[in-house]
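Undergrad:
Here's what the structure looks like:
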C-alpha cells in the first residue's frame, strides 16, 4: 500500500509533462505558421499590421500578469510602452558615427549641443537594454511608492492613470528634447538595414513573433508553481497572505516591473514597424484600450491576452476601412457584447460554456459542478482502481 501512494503523484507528473509538451507543440506550430505560411497569404501591408498587433500582444501579456493574476488594474501602461519606443527611437535618430551631428528636429528649435541624456543612446547595446530596463525601473519606483503605502484597488488604478497625464504633458511639451507632440519619426535604418524595405519589415515581423513566444514563456513560468499561486492569493485575499507571513509588497513591485519591461519591449517593436513614437500613446485612452484587449481575450489566461490584442486590433483595422464613418459604433457594440455575454472573455467562455456546449453536442456528459474533477488525474486513478 505504501508503494501505491506514489502512483497518483507519478500520474499527476506525467499528465503535467504531457500537457506541457502539447502546449509547447501548439505554440511552436502557431509560430511556424505565422512565420512561413501567413506571409504568403496576405500582402506586405497586412503583414506589417499583423506585426504591430503581435507587438501589442506583448504589452497585453504584461497587463494580464499584473491584472489577471495579481489583481492590480493598471491604467498607465501606455507610459512604459512609450518609454520603450523612445529608447529605441533616440538611438535611431542619432547620426552615426557619434558626434557627427544632431537629430534633424533639434536644428528647428535652435539646439546647438546634444543634451547629455541623449549621448548614451549612441551605443546600440545600451539602447537595447534601455528598452526594457528604463520602463522596468520607472514601474518599480512607481510600484514601490504605491505598494509601500498599501494602496490598492481603485486607488491604484487612479494613481497609474494620473501618472499617464504627468508623463504625457512632460513629453508633449518638450519640443527641443523630444520634438513635442510630433514625436520621433523618419527612421532611415536599423542596424544597417533600411527600415522601410519589405525584407527588413519581414525580419522585424519574425523578431516580434519570437519575442511574443519568449514573453509568453516568461509569463507562463512566472504564473506556474508556487510563485504563481502566491500571485493568485494576493489577488484573491491579500490580507490573508499577510497573515500567513508573506509580505506582498515585494512581489507586487517585482511583477509590476516585469510588466513594465514587457510593455517597453512591445513599444520598441511597435515603433520599428509603425515608424513613429509620440506622446499620443501615453494618453489615458490607449492605456484603457490595453485593458480592454485582455478583458476581451480573457483575464488570467495569457493566451486570451494575445488573442484579445490581435482580434480587437484586427477588427478595429477592418471596420475602420469598411465603415470609416461608423466603425466606432461597431467597436463599442463589440465591447458591450463581450462584457454582457462573455464576462470571462473568449478563452474563459471556451473553457467553461464552450466545452459544455461541445459535450452536449457530441453526446458526452460532464459534471455541472466542479468540472475540473473530471480532468483530475488523481480522481481518474481512484475511479479506475478503487471504484466509483
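Residue numbers (full-length UniProt numbering): 1 to 388. Idealized CB from N, CA, C, for every residue including glycine.
#1: Is the beta carbon of residue 279 closer than 9 Å to that of residue 181?
#2: Does the distance from the C-beta atom of residue 276 to that of residue 183 stay below 9 Å?
#3: Please list the terminal residues of the continuous alpha helix (DSSP H) segment that includes residue 467.
#4: I'd like to check one pair, residue 284 with residue 335: are the Cβ atoms closer than 9 Å?
#5: Out of 227, 20, 207 and 176, state which residue places its alpha-carbon closest to the alpha-carbon of residue 115.
#6: Exposed or buried, residue 343, counting other C-beta atoms within 10 Å across all chains shown (16 or more means buried)?
#7: Taking residue 236 as the reference, give the member of 22, 70 and 323 with the closest Cα.
#8: Out of 272, 118 and 86, point me to the one whose CA is closest to residue 188's CA.
#9: I need the DSSP call for residue 239, collapsed to helix, strand or coil.
#10: What residues match up with residue 200 in a beta bridge as DSSP calls it?
#11: For residue 49, which option in 97, 31, 317 and 123 has the closest C-alpha, if you only look at C-alpha atoms?
#12: Just checking my contact of residue 131 with residue 264 at CB under 8 Å: how many whole Å lie between their CB atoms?
#13: Mapping DSSP to helix, strand and coil, what is residue 125?
#14: I'd like to know if the stretch 121 to 131 and the stretch 157 to 170 are in contact, where contact means that at least 3 CB-CB pairs between them fall below 8 Å.
#15: How is the alpha helix (DSSP H) around residue 264 delimited, first residue to last?
#16: Quick check on residue 277: does DSSP put it in helix, strand or coil?
#17: Quick check for students: name the residue ranges of the alpha helix (DSSP H) that lie wholly in the stretch 122 to 192, counting only runs of 4 or more.
#18: Give me the DSSP bridge partner(s) of residue 194.
#19: Apart from the five residues on each side of it in sequence, which residues of its chain come closer than 6 Å, Cβ to Cβ, to residue 286?
#20: Can you tell me whether residue 111 is helix, strand or coil according to DSSP?
#21: Quick check on residue 404: does DSSP put it in helix, strand or coil?
#22: Between 328, 145, 254 and 192, which has its C-alpha nearest residue 62's C-alpha?
#23: Which of the three DSSP states is assigned to residue 11 in this structure?
#24: Any contact of the stretch 288 to 305 with the stretch 83 to 102, i.e. 3+ C-beta pairs under 8 Å?
#25: What's the call for residue 109, buried or exposed, on a 16-neighbour Cβ count within 10 Å?
#26: Closest to residue 274 by CA distance: which of 82, 258 and 18 is it?
#27: Are there 16 or more other CB atoms within 10 angstroms of the CB of residue 221, so buried, or fewer, so exposed?
#28: So, do the stretch 50 to 61 and the stretch 232 to 246 have three or more beta carbon pairs nearer to each other than 8 Å?
#29: Just the C-alpha distance for residue 15 and residue 23, rounded to the nearest angstrom, thanks.
#30: Could you give the DSSP three-state label for residue 360: helix, strand or coil?
#31: Which first and last residues belong to the alpha helix (DSSP H) in which residue 331 is found?
#32: Do you know offhand how far residue 270's Cα is from residue 54's?
#33: For residue 347, which residues of its own chain have a beta-carbon under 8 Å away from its beta-carbon, when the five flanking residues on both sides are left out?
#34: Considering only the beta carbon of each residue, do residue 144 and residue 39 sit closer than 9 Å?
#35: Quick check: does the Cβ of residue 88 come within less than 8 Å of any heavy atom belonging to the ligand ADP?
#36: Inspect the beta-carbon positions of residue 256 and residue 140 and report whether they are closer than 9 Å.
TA: According to the data block:
#1: As a first step, residue 181 must be located in the chain shown, where it is residue number 181. As a first step, residue 279 must be located in the chain shown, where it is residue number 279. Yes, these two residues count as a Cβ contact at 9 Å.
#2: For this step, residue 276 is matched to residue 276 along the chain shown. For this step, residue 183 is matched to residue 183 along the chain shown. The answer is yes: Cβ separation under 9 Å.
#3: Absent from the structure is residue 467, since the part of the chain shown begins at 1 and ends at 388.
#4: For the purposes of this step, residue 335 is taken as the residue at position 335 of the chain shown. For the purposes of this step, residue 284 is taken as the residue at position 284 of the chain shown. No; because the gap between Cβ atoms is not below 9 Å, this pair is not in contact.
#5: Against the chain shown, residue 115 aligns to sequence position 115. The shortest C-alpha separation from residue 115 is found at 176.
#6: What you label residue 343 is simply residue 343 of the chain shown in a count that begins at 1. Classified as exposed, residue 343 has fewer than 16 neighbouring CB atoms from the shown chains inside 10 Å of its CB.
#7: Within the chain shown, numbered from 1, the residue matching residue 236 stands at position 236. The option with the nearest alpha carbon to residue 236 is 70.
#8: Looking up residue 188 in the chain shown gives position 188. Selection 272, 118 and 86 evaluated against residue 188 yields 272 as nearest (Cα-Cα).
#9: For the purposes of this step, residue 239 is taken as the residue at position 239 of the chain shown. If DSSP states are grouped into helix, strand and coil, residue 239 belongs with the helices.
#10: As a first step, residue 200 must be located in the chain shown, where it is residue number 200. Looking at the DSSP assignment, residue 200 forms no beta bridge with any residue, so it has no partner.
#11: Residue 49 sits at position 49 when you count from the first residue of the chain shown. Per the Cα distances, 317.
#12: Within the chain shown, numbered from 1, the residue matching residue 131 stands at position 131. Within the chain shown, numbered from 1, the residue matching residue 264 stands at position 264. Confirmed, about 5 Å.
#13: Here residue 125 is taken as the residue at index 125 of the chain shown, counted from 1. Here residue 125 sits in helix by DSSP.
#14: The stretch 121 to 131, when compared against the stretch 157 to 170, does not touch it at the 8 Å Cβ threshold.
#15: Walking along the chain shown from the start, residue 264 turns up at place 264. First-last of the alpha helix (DSSP H) with residue 264: 248 to 274.
#16: In the chain shown, the residue the question calls residue 277 occupies position 277. Under the three-state reduction of DSSP output, residue 277 falls in the strand class.
#17: Taken in chain order, the complete alpha helix (DSSP H) segments of 4 residues or longer contained in the stretch 122 to 192 are 124 to 148, 154 to 172 and 175 to 178.
#18: Walking along the chain shown from the start, residue 194 turns up at place 194. In the DSSP output, where bridge partners are listed per residue, residue 194 has 189.
#19: Counting from 1 along the chain shown, the entry for residue 286 is found at position 286. Cβ within range, chain order: 78.
#20: Translated into positions along the chain shown, residue 111 becomes position 111. In this structure, residue 111 counts as coil in the three-state DSSP scheme.
#21: What is shown of the chain runs 1 to 388, which leaves residue 404 out entirely.
#22: For the purposes of this step, residue 62 is taken as residue 62 along the chain shown, with counting starting at 1. Nearest of 328, 145, 254 and 192 to residue 62, Cα basis: 254.
#23: Counting from one through the chain shown, the residue named residue 11 turns up at place 11. The answer is helix: DSSP assigns residue 11 an H, G or I state.
#24: Because the criterion of three Cβ pairs below 8 Å is not met, the stretch 288 to 305 and the stretch 83 to 102 do not touch.
#25: Working through the chain shown from its first residue, we reach residue 109 at position 109. Using a 10 angstroms sphere on the CB of residue 109, the tally of other CB atoms stays under 16, which defines it as exposed.
#26: Your numbering for residue 274 matches position 274 in the chain shown. Considering only alpha carbons, the answer is 82.
#27: Mapped onto the chain shown, residue 221 falls at position 221. So residue 221 ends up on the exposed side.
#28: The answer is no - the stretch 232 to 246 does not touch the stretch 50 to 61, with fewer than three Cβ pairs under 8 Å.
#29: Taking the first residue of the chain shown as 1, we reach residue 15 at position 15. Taking the first residue of the chain shown as 1, we reach residue 23 at position 23. Using only the alpha carbons, I get a separation of about 12 Å.
#30: The residue labelled residue 360 in the question sits at position 360 within the chain shown. Helix.
#31: In the chain shown, the residue the question calls residue 331 occupies position 331. Residue range 327 to 341 is occupied by the alpha helix (DSSP H) that includes residue 331.
#32: Here residue 270 refers to the residue found at position 270 of the chain shown. Here residue 54 refers to the residue found at position 54 of the chain shown. Between the alpha carbons of residue 270 and residue 54 lies a gap of roughly 9 Å.
#33: Counting from 1 along the chain shown, the entry for residue 347 is found at position 347. If you ignore the 5 residues before and after residue 347, its C-beta comes within less than 8 Å of the C-beta of 297, 298, 301, 303, 304 and 307, all in its own chain and listed in chain order.
#34: Your numbering for residue 144 matches position 144 in the chain shown. Your numbering for residue 39 matches position 39 in the chain shown. No; because the gap between Cβ atoms is not below 9 Å, this pair is not in contact.
#35: As for the ligand ADP, it is missing from this structure, which has no ligand bound.
#36: On the chain shown, residue 256 is found 256 positions in, with the first residue counted as 1. On the chain shown, residue 140 is found 140 positions in, with the first residue counted as 1. One thing to note: residue 256 has its Cβ within 9 Å of the Cβ of residue 140.
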